[in-house]
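Undergrad:
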Amino acid sequence: MADKIPAALSADGFERARLFAGATITLSVVSTLIFGARIYTRIRPLYRLGWDDYIISVAYVFIVVDWAVLFAAVPWVFSGDIAHLTLADVENSFKLAIIAEPIWAVCMASIKISLAFMMLRFLHRSDTWRRFLYFMIAIQLITAIYGTISQLLQCIPLRAAWDFLGVVPAKCWSKYAQRVSISCVSAVNVLTDIVFSLLPITFLRKIQRPLRERILIGSLMALGLFASATSIVKTIAVSKLGTSKDPTAEGITVGMWACVEEQVAFIAACIPCLKSPFQRFLAHFGLVNFTNRNSSDLGNAVRITSLPAGTVEGQSEENILPTHAVVTKTDETGVAEVRMEEIVSGKDSPRNNAHWEEENEHAHDDSWGRKRGSGGSMDV
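Sequential numbering of the sequence shown, starting at 1, is according to the UniProt record's numbering.
#1: At the level of alpha carbons, what is the spacing between G251 and K112?
#2: Which of the three DSSP states, helix, strand or coil, is assigned to T202?
#3: Which word fits S228, buried or exposed, when buried means at least 16 other C-beta atoms lie within 10 angstroms of its C-beta?
#4: State the DSSP-derived secondary structure class of I236, mapped to helix, strand or coil.
#5: When DSSP builds the beta bridges, which residues end up paired with K112?
#6: Assuming C155 and A170 make a contact with CB atoms under 8 Å, what is their CB distance in whole Å?
#7: If you reduce the DSSP assignment to three classes, tell me which class I156 lands in.
#8: Please go through the stretch 54-138 and give each complete alpha helix (DSSP H) segment of 4 or more residues, from N-terminal end onward.
#9: With DSSP run on the structure shown, which of helix, strand or coil describes K171?
#10: Pick from P157, A100, I271 and L191: whose alpha carbon is nearest that of A72?
#11: By Cβ distance, which residues of its chain are closer than 7 Å to V65, with the 5 residues on each side in sequence left out?
#12: Does the Cβ of I5 have 16 or more other Cβ atoms within 10 Å, making it buried, or fewer, making it exposed?
#13: Please state the DSSP three-state secondary structure of S228.
#14: Would you give the residue range spanned by the alpha helix (DSSP H) that W257 belongs to?
#15: Quick check on the burial criterion: 16 or more other C-beta atoms within 10 angstroms. Buried or exposed for R280?
#16: Within 10 angstroms of its Cβ, does L49 collect 16 or more other Cβ (buried), or is it exposed?
#17: Determine the DSSP secondary structure at I43, reduced to helix, strand or coil.
#18: Just to confirm my understanding: we take G13, look at its own chain, exclude 5 residues before and 5 after, and list those with CB closer than 8 Å. What are they?
#19: If I measure Cβ to Cβ from A222 and keep anything under 6 Å in the same chain, skipping five residues before and after, which residues do I get?
#20: Report the residue from T41, F135 and A8 whose alpha carbon sits nearest the alpha carbon of T86.
#21: In terms of alpha-carbon separation, which member of L70, R125 and E261 lies closest to R18?
#22: If I measure Cβ to Cβ from S181 and keep anything under 6 Å in the same chain, skipping five residues before and after, which residues do I get?
#23: Under the three-state reduction of DSSP, which class applies to L274: helix, strand or coil?
#24: Once you ignore the five residues that flank T235 on each side, which residues in its own chain have a CB closer than 6 Å to its CB?
#25: Ignore the nearest five residues each way along the sequence and tell me which others in F135's own chain have a CB closer than 6 Å to its CB.
#26: Would you identify the three-state DSSP class for A187, choosing helix, strand or coil?
#27: Less than 8 Å between the beta carbons of V106 and F62, yes or no?
#28: Determine the DSSP secondary structure at D193, reduced to helix, strand or coil.
#29: On the CB-based measure, 16 or more other CB atoms within 10 Å of its CB, does P157 come out buried or exposed?
#30: Taking the C-alpha atoms as reference points, what is the distance between F132 and G242?
#31: Take the Cβ of Y60 as the centre, count every other Cβ of all protein chains shown within 10 Å, and call the residue buried at 16 or more, exposed below.
#32: How about R121 and L274: are their beta carbons less than 8 Å apart?
#33: Please go through the same chain and pick out, in chain order, the residues whose beta-carbon is closer than 7 Å to the beta-carbon of F35, but skip the five residues on each side of it.
#34: With a threshold of 16 other CB atoms inside 10 Å of the CB of K329, please say whether the residue is buried or exposed.
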């Protein structure tokens, strides 16, 4: 019966659908590129994927599925053929939107849990922070479970949720109860976004890195505040559900902001892992100079320019903190760098000894040649 009842879509609803398509397609392309760059830097030249990478990969799958389901709810957005829409088409759109909501809940939880595991790699020595991060993980799991169950139980049977004709006998939550439930979940997401965005401040001021680099790291991780902003906008859109005369336009708006929220949160979770490429990009255009070398007149002195935040095996040099300490040997003529991973793997090994001896020999020869060329002498 519903397939024979025409359903006129308002011009406002159609424009919102086009805005949804344009915004989400753009963000999908950006998130895919950033996710690919993150995984690439984690497997090249060494395979260094951790729990945070695996979980964010799960989140990416849910993002793609959620976007595809929501996009299928507005198949007419490109054709523009809205004159022949029926009530059955509108009901199908609402059904797909309801299916997408549990997927969104799991996706958001996966993103936040990935961030928590990333933080654990740098704060694992502190029992207090470790307990706090596990507490945050528990909150995300509870929120995802509640969000899924609440959507599946909003009507019994569920198909009554998209039955506009009211032919299915069912018991459903009121529109007010649905708005309150979704708003509570959104409030949790806003608060956790803020917590994860500001949490790096607790350890950035303690690590021994240049101020400009710490500012860059903090700025990259604070991108999660944009996800908080989109979540607030979505919460405002949710509060208007069932209060206007155009429920289709309302649903499209909520779906768009839900999709934007998860994609912005995903991008914000991946960008900190691209600190090194981002530094090189800024340095290439002369925007920022992160060079932190200096010469020394103390002979063969050893200087630590990067302190490891944890074990060598558990971190990545592309991540928000340096993976390996870079040991710099300096003399009066030059600078030579040796990766700490080589020293840790066997500081007394022939390979390391040969490396140090070779560097000393080159430095000695360069110094001898320069002093002879300037008319000076050198006692050996």
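All residues carry an ideal CB built from backbone N, CA and C; glycine is no exception.
TA: Let me lay it out:
#1: Taking the straight line from one Cα to the other gives about 25 Å.
#2: It is helical.
#3: Result: buried.
#4: Of the three classes helix, strand and coil, the one that applies to I236 here is helix, per DSSP.
#5: K112 pairs with nothing; no bridge assigned.
#6: Contact between C155 and A170 is confirmed by a C-beta separation of about 5 Å, below the 8 Å threshold.
#7: Here I156 sits in strand by DSSP.
#8: Complete alpha helix (DSSP H) runs here, min 4: 87-123.
#9: Correct three-state label for K171: strand.
#10: The residue with the shortest Cα to Cα distance from A72 is A100.
#11: The answer, listed in chain order, is I103.
#12: Under this definition I5 is an exposed residue.
#13: Annotated three-state conformation of S228 is helix, per DSSP.
#14: Note, W257: alpha helix (DSSP H), P247 to C270.
#15: Exposed, since its Cβ has fewer than 16 Cβ neighbours within 10 Å.
#16: Here L49 is exposed, its C-beta having fewer than 16 other C-beta atoms within 10 Å.
#17: Helix at I43.
#18: If we look at G13 and ignore the five residues flanking it on each side, its Cβ neighbours are D246, T248, A249 and I252.
#19: Shown here for A222: same chain residues with a beta carbon closer than 6 Å to its own, the five before and five after excluded, namely S197 in chain order.
#20: Of T41, F135 and A8, the residue nearest in Cα terms is A8.
#21: The residue with the shortest Cα to Cα distance from R18 is L70.
#22: S150.
#23: L274 falls in the helix class under three-state DSSP.
#24: Excluding sequence neighbours, T235 sits near S183 and S186.
#25: The answer is none, since no qualifying residue turns up.
#26: Correct three-state label for A187: helix.
#27: The answer is yes: Cβ separation under 8 Å.
#28: Look at D193 here: in three-state DSSP terms it is helix.
#29: P157 is exposed by the Cβ-count criterion.
#30: Each residue's Cα considered, the two are about 38 Å apart.
#31: The C-beta of Y60 has 16 or more other C-beta atoms within 10 Å across all chains shown, which makes the residue buried.
#32: No, they are not a contact pair.
#33: Cβ contact annotation for F35 (same chain, cutoff 7 Å, sequence separation greater than five): Y60 and C270, in chain order.
#34: At K329, the pLDDT of 40 sits below 50, so the modelled position is not reliable and the matter cannot be decided from this model.
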